[in-house]
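Encoded as structure tokens, the structure appears first; notes follow it.
Residue numbers (mature numbering (1 follows the signal peptide of the UniProt record, and there is no 0)): -24 to -1, 1 to 254.
Okay, here's the thing in structure tokens:
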């Protein structure tokens, strides 16, 4: 039931995530490109998921009535997403000057050159990402996405769960993260080109639900102004879009589970996402 419920919401959110394209048009901006289906990004996600295996989490036990019907003791709740931001302050994890390199976060050991002033991650950009963009993205997701909550702390299987470049505190393995159904490890390094950010799943639980993911938000794209709300919303929509990739709303996942079908709407052949409930 946990997986079916998640996929039902995923279908709704798959359509909702396309709003960032409309907001880009409203803002007069070029619609950002998405790296998630790039071969190197796909290979890295597949490598991490296969290597890490499933991390067993605690959920409320299912309850059978006398009539034999199956119910869950814990009802679905808006998803709780925690962001781990050590790599926004860890020395060497980002561009601090226009000399040297920083991790690209596309794959372990890959580097990007810090040769532009816009690539420097300063306190202003950190604050925008942590206090404006990410909280607004979670608020939007929680309007639509409910899951059976983890009971107790959410635990990662190791400190390299998202690769060797992302910092995972040891406490996330030993003690776990309280009040979380998903932990996203966030970095900010340059992403040359038209891509604003990219993300992917690092580990799933025993039910196939993502419990750890990674996100790199391009430093050069982080800005916020009260006079340009459409531009601000584009960044929030991008964060929503990327978190959806972590949760499994991707063309690769949807095709792999047989949930993409062709049909005819208004005389045109279109691709549709199907789930047990939507």
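Don't be surprised by glycine CBs; every beta carbon is placed ideally from N, CA and C.
Close Cβ partners of residue i (< 7 Å) along its chain, the five nearest in sequence each way excluded
{"i": "residue 109", "result": "211, 212 and 215"}
{"i": "residue 141", "result": "79, 81 and 84"}
{"i": "residue 55", "result": "117, 118, 121, 122, 123, 157 and 158"}
{"i": "residue 129", "result": "151, 152, 153 and 154"}
{"i": "residue 135", "result": "144, 146 and 149"}
Neighbourhood of residue i by C-beta, 6 Å cutoff - its chain only, sequence neighbours within 5 removed
{"i": "residue 76", "result": "90"}
{"i": "residue 148", "result": "132"}
{"i": "residue 257", "result": "The requested residue 257 does not occur in the structure, where the chain is confined to residues -24 to 254."}
{"i": "residue 143", "result": "62, 63 and 66"}
{"i": "residue 244", "result": "none"}
{"i": "residue 161", "result": "60, 138, 142 and 190"}
{"i": "residue 20", "result": "83"}
{"i": "residue 86", "result": "80"}
{"i": "residue 182", "result": "30 and 32"}
{"i": "residue 223", "result": "186"}
Contact under 9 Å by Cβ, residue i with residue j
{"i": "residue 176", "j": "residue 17", "result": "yes"}
{"i": "residue 82", "j": "residue 164", "result": "no"}
{"i": "residue 172", "j": "residue 132", "result": "no"}
{"i": "residue 192", "j": "residue 167", "result": "yes"}
Residue i classed as buried or exposed, judged by whether at least 16 other C-beta atoms fall within 10 angstroms
{"i": "residue 195", "result": "buried"}
{"i": "residue 60", "result": "buried"}
{"i": "residue 115", "result": "exposed"}
{"i": "residue 36", "result": "exposed"}
{"i": "residue 113", "result": "buried"}
{"i": "residue 242", "result": "exposed"}
{"i": "residue 180", "result": "buried"}
{"i": "residue 69", "result": "buried"}
{"i": "residue 146", "result": "exposed"}
{"i": "residue 98", "result": "exposed"}
{"i": "residue -1", "result": "Confidence at residue -1 is low in this model, with a pLDDT of 44, below 50, so the placement of that residue should be treated as unreliable; the coordinate-derived value is given next. Burial call: buried."}
{"i": "residue 263", "result": "Only positions -24 to 254 of the chain appear in the structure, and residue 263 is not among them; the question remains open."}
{"i": "residue 51", "result": "exposed"}
{"i": "residue 53", "result": "exposed"}
{"i": "residue 107", "result": "exposed"}
{"i": "residue 209", "result": "buried"}
Other residues of its chain near residue i: CB distance less than 8 Å, five sequence neighbours each side excluded
{"i": "residue 74", "result": "90, 91, 92, 93, 95 and 96"}
{"i": "residue 104", "result": "198, 199 and 200"}
**Prompt:** Do the region 148 to 162 and the region 120 to 128 meet, that is, are 3 or more Cβ pairs less than 8 Å apart?
**Reply:** yes
**Asked** Is the region 29 to 38 close to the region 177 to 190, with three or more CB pairs under 8 Å?
**Response** yes
**Within the region 81 to 165, ranges of the beta strand (DSSP E) (whole runs, at least 3 residues)** = 87 to 89 and 158 to 163
**Residue ranges of each beta strand (DSSP E) within the region 182 to 216, 3 or longer** = 186 to 193
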